[in-house]
Amino acid sequence: MDWIVAPDGAGRELADVLPSALAALGTAGFTDTIGMPGCRRAVVLLVDGLGWTLLHEYADHAPFLTSLATGAPGKAGFPTTTVTSLTSLGTGRCAGRHGVVGYTFAEPSGGLLHPLSWSTHGTAEDTAGRRSSLLDVWPPERVQPHPTAFQQAEAAGVDVRIAVPRDFKDTGLTRAAMRGAEFRGIHAFGDLAAELLDAVHAPGPTLCYGYHGHLDLLGHLHGPGSLPWRMQLEQVDRFVSALAERLPGDSVLTVVADHGMVTMDPQETVDVDTEPELRDGVRLIGGEVRARQVYVEPGAVDDVHAAWRGTIGERGLVLTGEQAIDEGWFGPVIDEDVRPRIGDVLAVMREGGVTRSALEPNESALRGHHGSLTAAEQFVPLLVTTG
Numbered sequence: 175m176d177w178i179v180a181p182d183g184a185g186r187e188l189a190d191v192l193p194s195a196l197a198a199l200g201t202a203g204f205t206d207t208i209g210m211p212g213c214r215r216a217v218v219l220l221v222d223g224l225g226w227t228l229l230h231e232y233a234d235h236a237p238f239l240t241s242l243a244t245g246a247p248g249k250a251g252f253p254t255t256t257v258t259s260l261t262s263l264g265t266g267r268c269a270g271r272h273g274v275v276g277y278t279f280a281e282p283s284g285g286l287l288h289p290l291s292w293s294t295h296g297t298a299e300d301t302a303g304r305r306s307s308l309l310d311v312w313p314p315e316r317v318q319p320h321p322t323a324f325q326q327a328e329a330a331g332v333d334v335r336i337a338v339p340r341d342f343k344d345t346g347l348t349r350a351a352m353r354g355a356e357f358r359g360i361h362a363f364g365d366l367a368a369e370l371l372d373a374v375h376a377p378g379p380t381l382c383y384g385y386h387g388h389l390d391l392l393g394h395l396h397g398p399g400s401l402p403w404r405m406q407l408e409q410v411d412r413f414v415s416a417l418a419e420r421l422p423g424d425s426v427l428t429v430v431a432d433h434g435m436v437t438m439d440p441q442e443t444v445d446v447d448t449e450p451e452l453r454d455g456v457r458l459i460g461g462e463v464r465a466r467q468v469y470v471e472p473g474a475v476d477d478v479h480a481a482w483r484g485t486i487g488e489r490g491l492v493l494t495g496e497q498a499i500d501e502g503w504f505g506p507v508i509d510e511d512v513r514p515r516i517g518d519v520l521a522v523m524r525e526g527g528v529t530r531s532a533l534e535p536n537e538s539a540l541r542g543h544h545g546s547l548t549a550a551e552q553f554v555p556l557l558v559t560t561g
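Positions 175 to 561 (my numbering) are the ones given, in order, by the sequence shown.
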């Protein structure tokens, strides 16, 4: 499977970004594996959906960002999905340790957790808009019990902040991935820029994380490379250029992404909700269109694996969860309580996707997708500039 780009633990993954930034600040206990220059203030800006392949394909629309792309790309990890990537970034750990192992994944009561809303997912009740919150039943601090990089930095005396949309305040994902940082809620480019610039003019060692999500949104709705997506990329490029022009000399700005994105060919999709053989022996189907995690009934792994492999064929790779773990896709270490969250059978797609037209009508209708291990989804920018 020469199209598979798997995590490799080589020190240039999202889990390495904040430890490298903290090492550049001189914080004890952290190692820089990315090559960040020493500084007093570090800003990490994540542009959701800005894959390395897309950046180079549309370089004319992002001349400043492209000018920074002189080194090797980073890797998002697996799966290449926002909730997993943000938790890897915020904790400095791979999915096998932090436990947010996919867009949706099995939770202890027998259903699926949707981490973006921290609620149930994938039932007929969900499609009627009545998802049940799991914040009290399975709180984020139990799902992801490790100290975040922000908590460790705060304990070491670093001024730590996050500048993210104000709706993210106290959400389950923020609590799991970003706890320990001072929350600065933002609305648009203007106050995001203001918060990041305030951080680089703070008096002491400072780490500030910022997030921009509209490029990803337009990629999902219209497709990556579409006119709306290209126009947004131009806005992002000018935004980062303006930030860089205002950096003081003792600060570092690092621009990263959580994943890339591909346009899904509707002719290459498999719809689980119209393929009954894909549901035989299956109790839950998690993950997302490009990376499915299948949870099976006792003793049904071989049969489910065979059925999915036979249906998907050359469009993707179907393997068992144990094989994916052995390949290191979820990182070199899997915490004991994380293993039940990983599917018994996994399907990662080279072309097309695995949709659920009845239970996931909104997700199934999107143009742009990610989650799999193609180069377009896995490789992300690690762009560093100084004042």
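Yeah, the Cβ is synthetic: ideal placement off N, Cα and C, and Gly gets one too.
Residue i: first and last residue of the uninterrupted alpha helix (DSSP H) it sits in
i: Ala465; result: No alpha helix (DSSP H) holds Ala465; the beta strand (DSSP E) holding it covers Ala465 to Val470.
i: Phe342; result: First-last for Phe342: undefined, no H or E at that position.
i: Ala198; result: Val191 to Ala198
i: Leu260; result: Thr256 to Thr265
i: Leu228; result: Trp226 to Glu231
i: Ile486; result: Val475 to Ile486
i: Phe238; result: Pro237 to Leu242
i: His396; result: His388 to His396
i: Pro314; result: Pro314 to Val317
i: Val414; result: Leu401 to Glu419
i: Pro535; result: Pro535 to Ser538
i: His433; result: Note, His433: premise wrong, no alpha helix (DSSP H); not H, not E.
i: Ala367; result: Phe363 to Val374
i: Arg271; result: Ala269 to His272
Endpoints, the beta strand (DSSP E) within which residue i is located
i: Thr294; result: Ser293 to His295
i: Ile499; result: From DSSP, Ile499 is part of no beta strand (DSSP E) but of the alpha helix (DSSP H) over Gly495 to Asp500.
i: Leu287; result: Leu286 to His288
Buried versus exposed call for residue i [16 or more other C-beta atoms within 10 Å across all chains shown]
i: Arg340; result: exposed
i: Gln552; result: buried
i: Asp424; result: exposed
i: Met438; result: buried
i: Ala195; result: buried
i: Asp511; result: exposed
i: Leu234; result: Before going on, a small fix: residue 234 reads as Asp here, not Leu. Result: exposed.
i: Leu401; result: exposed
i: Gly245; result: exposed
i: Met574; result: Given a span of 175 to 561 for the chain in the structure shown, any question on residue 574 remains unanswerable.
i: Glu442; result: exposed
i: Thr205; result: exposed
i: Gly397; result: buried
i: Glu187; result: buried
Residue i Cβ short of 7 angstroms to the ligand MG heavy atom set
i: Ala480; result: This structure lacks the ligand MG; in fact it carries no ligand of any kind.
CB-CB length for residue i against residue j, believed under 8 angstroms
i: Gly225; j: Gly434; result: 2 angstroms
i: Gln325; j: Gly354; result: 3 angstroms
i: Val430; j: Val274; result: That belief does not hold up - the Cβ atoms of Val430 and Val274 are roughly 17 angstroms apart, past 8 angstroms.
i: Ala481; j: Leu452; result: 6 angstroms
i: Leu556; j: Pro319; result: No, Leu556 and Pro319 are not in contact; Cβ-Cβ is about 28 angstroms, not under 8 angstroms.
i: Ala189; j: Gly251; result: 7 angstroms
i: Asp432; j: Leu219; result: With a Cβ gap of about 12 angstroms, Asp432 and Leu219 do not count as contacting.
Beta-bridge pairing of residue i - partner residues as DSSP gives them
i: Arg335; result: Glu356 and Cys382
i: Ser307; result: Ser293
i: Ala521; result: Arg466 and Val492
i: Glu328; result: DSSP lists no partner for Glu328.
i: Thr428; result: Val218 and Val558
i: Ala280; result: Leu286
i: His553; result: The sequence given here places Phe at residue 553; His does not occur at that position. Paired residues: Lys249.
i: Thr322; result: The partner list for Thr322 (beta bridge, DSSP) is empty, contrary to what the question assumes.
i: Ala461; result: In the sequence under discussion, the amino acid at residue 461 is Gly, which differs from the Ala named in the question. Arg466.
Cβ neighbours of residue i in the same chain (closer than 7 angstroms, five flanking residues each side left out)
i: Thr348; result: Phe342
i: Tyr232; result: Gly399, Arg404 and Leu407
i: Ala327; result: Leu196, Thr201, Val334 and Leu381
i: Pro506; result: Gly183
i: Ile508; result: Gly270 and Ile499
i: Glu356; result: Val334 and Arg335
i: Ser415; result: Phe238
Chain-order list of residues whose beta-carbon lies under 6 angstroms from that of residue i (same chain, five-residue window excluded)
i: Phe363; result: Phe413
i: Pro253; result: Gly276, Ala465 and Gly545
i: Leu192; result: Gly266 and Ala323
i: Gly223; result: Leu389, Asp390, Gly393 and Met435
i: Arg457; result: Tyr469 and Glu471
i: Gly185; result: Thr207
i: Val522; result: Ala465, Gly490, Leu491, Ser546 and Leu547
Cut-off 8 angstroms between Cβ atoms - residues of its own chain near residue i, not counting five sequence neighbours on either side
i: Ala550; result: Gly225, Thr227, Leu228, Gly434, Met435 and Val436
i: Leu287; result: Thr278, Phe279, Ala280, Glu281, Ser293, Thr294, His295, Leu308, Trp312 and Val317
i: Glu369; result: Arg335, Ala337, Arg358, Ile360, Cys382 and Gly384
i: Thr485; result: Val444, Glu449, Glu451 and Leu452
i: Cys213; result: Ala198, Leu199, Asp424, Ser425, Val426 and Thr560
i: Leu371; result: Leu417 and Arg420
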